[in-house]
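Notes follow the structure.
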């Protein structure tokens, strides 16, 4: 029996022991509980990125930056609506507005790390650990923001 126990003490701990702690043998052969390593919690993959912050963590200018970006997207849509011929001009304007918003808030923001409005106030969209959101996270955030707009209009009526 002692050979079996000594053999087991050299085995790798089960996977759950690395999460919840486990038992190990000390030099005298007695079992003792070993607590799991304390690590910083990892960020969930689907976590929303933080709002725009400066390098010092200041969020001053977030609302004006949003208004600048929204005005830019709306101006592109209104210009398309004005220039498009025929009865489908409104549809073209809405599609141009949505397209400009999507491209600006996903592609441009992923490449430049900021949008035109955020750049005006020195803001960048970052996670708490300082990393930048991926294209996929920006896309999900864009769709969530659009859904929130519909939800807001739905609750107002």
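Residue numbers (the numbering used here): 853 to 1009. For each residue, glycine too, the CB sits at the ideal point set by N, CA and C.
First and last residue of the uninterrupted beta strand (DSSP E) at residue i
i: residue 886; result: 883 to 886
As assigned by DSSP and simplified to three states, the class of residue i
i: residue 975; result: coil
i: residue 944; result: helix
i: residue 965; result: coil
N-terminal and C-terminal residue of the alpha helix (DSSP H) that residue i is part of
i: residue 917; result: 914 to 935
Beta-carbon separation (whole angstroms), residue i vs residue j, contact threshold 8 angstroms
i: residue 951; j: residue 920; result: 18 angstroms between Cβ atoms; not a contact.
i: residue 948; j: residue 974; result: That belief does not hold up - the Cβ atoms of residue 948 and residue 974 are roughly 29 angstroms apart, past 8 angstroms.
i: residue 972; j: residue 917; result: 6 angstroms
i: residue 965; j: residue 984; result: 6 angstroms
Contacting residues, own chain, Cβ-Cβ under 8 angstroms from residue i (five flanking each side not counted)
i: residue 956; result: 921, 924, 925, 967 and 968
Beta-carbon proximity list for residue i, same chain, < 6 angstroms, skipping 5 on both sides
i: residue 943; result: none
Same chain, Cβ closer than 7 angstroms to residue i, five either side skipped, listed in chain order
i: residue 953; result: 925
i: residue 1016; result: Residue numbering for the chain in the displayed model covers 853 to 1009; residue 1016 lies beyond these limits and cannot be assessed.
i: residue 913; result: 973 and 975
For the pair the stretch 924 to 938 and the stretch 977 to 989, tell me if three or more CB-CB distances fall below 8 angstroms.
no
Could you tell me whether the stretch 955 to 963 touches the stretch 982 to 995, using the rule of 3 or more Cβ pairs below 8 angstroms?
yes
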